[in-house]
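Below is one structure, written out as structure tokens; comments come after it.
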Amino acid sequence: MSKVTSRVSGELTVLNEDPLVAGTPLSTMDSEETPARSFFVRNHFPIPSLDISNWGLSVTGEVERPLRLNYDDLKRLPSKEIGALLECAGNSRATVQPPIEGLLWDHGGVGSARWAGVPLRAVLERAGLLTTAKEVLLEGADHGKERGEAGELSFAMSLPMDKALHPDTLLAYEMNGEALSPEHGYPLRVVVPGWYGMTSVKWLANIKVLDHPFDGFHQTRYYVYVEEGAENGSPKERVTSLQVKSFITWPDRGHLLVAGRHQIRGVAWSGRGPVSKVEVSTDDGRTWLDANLEDSKSPYAWQRWGFSWEADRPGYFLLRARATDREGNVQPAKAQWNYRGFANNSIHAVPVEVRSDR
Ligand code: MTE
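Positions 381 to 738 (our numbering) are the ones given, in order, by the sequence shown.
Pasting the structure below:
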């Protein structure tokens, strides 16, 4: 297992300094919008330093008119704002059994924000797609080395045409009403609502329309499900849609509560339609009761929920929350194991102590 030291820096829990990997504290998830300074950061490589005066986005490949758009060109195109959460595929990896390699995300690899920008579709339409277009490759300006790979790589991911042309797949230049910060991809990033965060490419530099499947490292060898006993070299399923999931944002583990009524709070989401139910157990999963679930303003943002708990006797309690989405997907007690611990959506458990006030 790799070693990581975790510390809270400002409003983020830092797992790795360089490249920066840092998590959103659970208590900060207790609101509709995660402020940029508390929004998790997952970088594979150092943050590129970009000069906006000569920055440009190129659109090439299977298009009628290759383009180069600068920041002002993009700002002049019709814009759209979407609320969407991003979750890192490795989020909650630290709770996977048996333990796995990689950055030991506890639960901080998720945040929800308002993103404004131009639909990727609008830019592709300006360039004019050729009938040979099969995938859209999104390439960041960052680069570096990855373990086991020869030479330097840039961070790049492709989208199938239906996802690239989806009206809600955005080229975002704003987060929560302000220009993106360098950590979150300034000047331009992709936001792919409903998918794990890896395809939301930051510091977007190039869009290449391909006539063949992309086989880059991060797409075909990193963000893929490798099940137990999988053969080396066999094709692997890539990580895409977010699994249904919920977190308890209050109380936090280890909290001491005074006996009485308490409001347990949390958030829930799914990439496969809205969450239809959140249940809470205060007795280690023996009994479950429905929580009050709020709607969210956007189908891609998280939904908040609350549960009124009469904690009338002192003792140790294990609180759990379990979400179900409209398709009927339910959080499992134990997620299916895969080599990198991706997409772990097992039920969040929070141990607390209740004491009498005397
Ligand atoms: N884009 C680039 N260019 N480089 C990266 O390392 N990391 C990806 C994605 N986009 C990454 C990237 C991953 S794995 C995730 S989970 C999200 O960005 C995280 O976005 P955030 O750091 O703004 O939270």
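Idealized CB from N, CA, C, for every residue including glycine.
Item                                                                                                                                                  : Value
E554 by DSSP, collapsed to three states: which one?                                                                                                   : strand
Quick one: give me the first and last residue of the alpha helix (DSSP H) that V503 is part of.                                                       : L500 to A507
Report whether the distance from the Cβ of G489 to the nearest heavy atom of the ligand MTE is below 8 Å.                                             : yes
So, using beta-carbon positions, are D410 and A513 closer together than 9 Å?                                                                          : no
In whole angstroms, what is the alpha-carbon distance linking W668 and G640?                                                                          : 19 Å
Under 8 Å, with one C-beta from each stretch per pair, do the segment 708–721 and the segment 605–616 reach the 3-pair mark?                          : yes
Under 9 Å, do V570 and S580 count as touching if we go by C-beta distance?                                                                            : yes
For a quick check, are the C-beta atoms of A464 and G574 less than 9 Å apart?                                                                         : yes
Using 10 angstroms around the beta-carbon of T662, count the other beta-carbons present and answer buried if the total reaches 16, otherwise exposed. : buried
With three or more C-beta pairs closer than 8 Å as the rule, is the segment 698–713 touching the segment 593–604?                                     : no
Helix or strand or just coil, what does DSSP make of E563?                                                                                            : helix
Express the C-alpha separation of P712 and P593 in angstroms, rounding to a whole number.                                                             : 33 Å
Can you list, in chain order, the stretches of the beta strand (DSSP E) that have 3 or more residues and sit fully within the segment 627–707?        : 636–638, 640–649, 655–661, 683–691 and 695–705
By alpha-carbon positions, which one of F419, K588 and L395 ends up nearest to L517?                                                                  : K588
If you follow the beta strand (DSSP E) that R456 is part of, which residue opens it and which one closes it?                                          : Premise fails: R456 lies in the alpha helix (DSSP H), Y451 to R456, not in any beta strand (DSSP E).
How do the segment 612–621 and the segment 395–403 stand: do at least 3 beta-carbon pairs fall below 8 Å, yes or no?                                  : no
With a CB to CB cut of under 7 Å and the five nearest residues on each side skipped, what residues in its chain are close to K677?                    : G463
Does G742 pass the burial test, meaning 16 or more other C-beta atoms within 10 Å, or should it be called exposed?                                    : Past the boundaries of the shown model lies residue 742; the chain is included only from 381 to 738, so the question cannot be answered.
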